[in-house]
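Taking it in order: structure first as structure tokens, then the write-up.
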Amino acid sequence: MDDPAKNGAEGRRCVLVVEDELLIAMELKAALIDGGFRVLGPAASVDYALDLVSEERPYAAVLDFSLGGEKVTAVALQLKALAIPFVLASAAHANELAVHTALAGIANIGKPTDLKRLVDALKAFHL
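FYI, the numbering for the sequence shown is -6 to 120, going by our numbering.
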């Protein structure tokens, strides 16, 4: 049987979006759908993101580092524990990200987000 995260609705791979700014979240969602993905979320809080991951295992995820001052470290740790790859889409400086071991070695697409680069990064996961 196929993994639902990899072959969800219409065969599209599911990507979790964790972003607290509504307009950015909608932009990310639209770009991911256009890129051939199905979107889980967007989640504007760490708790909601963790709930979504526990309900449906995504193929990959896009995380903003700071959600209204709340850091996404707990989400990153859970994704790593489940071997779910992810990228950051954050305006946070590399030095700020480097102190969080859960984010070590994770690509930061940045903000404003280059949507083509984001989609390409997610497609490169080949799981």
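From the three backbone atoms N, C-alpha and C, an ideal C-beta is built for every residue, glycine too.
- request: Please go through the stretch 20 to 65 and give each complete beta strand (DSSP E) segment of 3 or more residues, from N-terminal end onward.
  value: Taking only runs of at least 3 residues, the beta strand (DSSP E) segments lying wholly in the stretch 20 to 65 are 30 to 36 and 53 to 56.
query: Buried or exposed: GLU12, going by 16 or more other Cβ atoms within 10 Å of its Cβ?
result: By the beta-carbon neighbour count (other beta carbons within 10 angstroms, threshold 16), GLU12 is buried.
task: Find out if the Cβ-Cβ distance for the pair GLU49, LEU75 is shorter than 8 Å.
output: Going by C-beta atoms, GLU49 is not nearer than 8 Å to LEU75.
field: Distance CB(THR106)-CB(ALA82) smaller than 8 Å
entry: In this structure, ALA82 lies closer than 8 Å to THR106 by Cβ.
- prompt: Roughly how many whole angstroms lie between the Cα atoms of GLU14 and LEU56?
  reply: So the two alpha carbons sit approximately 12 Å from each other.
- prompt: Should the stretch 59 to 66 be regarded as contacting the stretch 36 to 50, the criterion being three or more beta carbon pairs within less than 8 Å?
  reply: With the rule of 3 Cβ pairs closer than 8 Å, the stretch 59 to 66 counts as touching the stretch 36 to 50.
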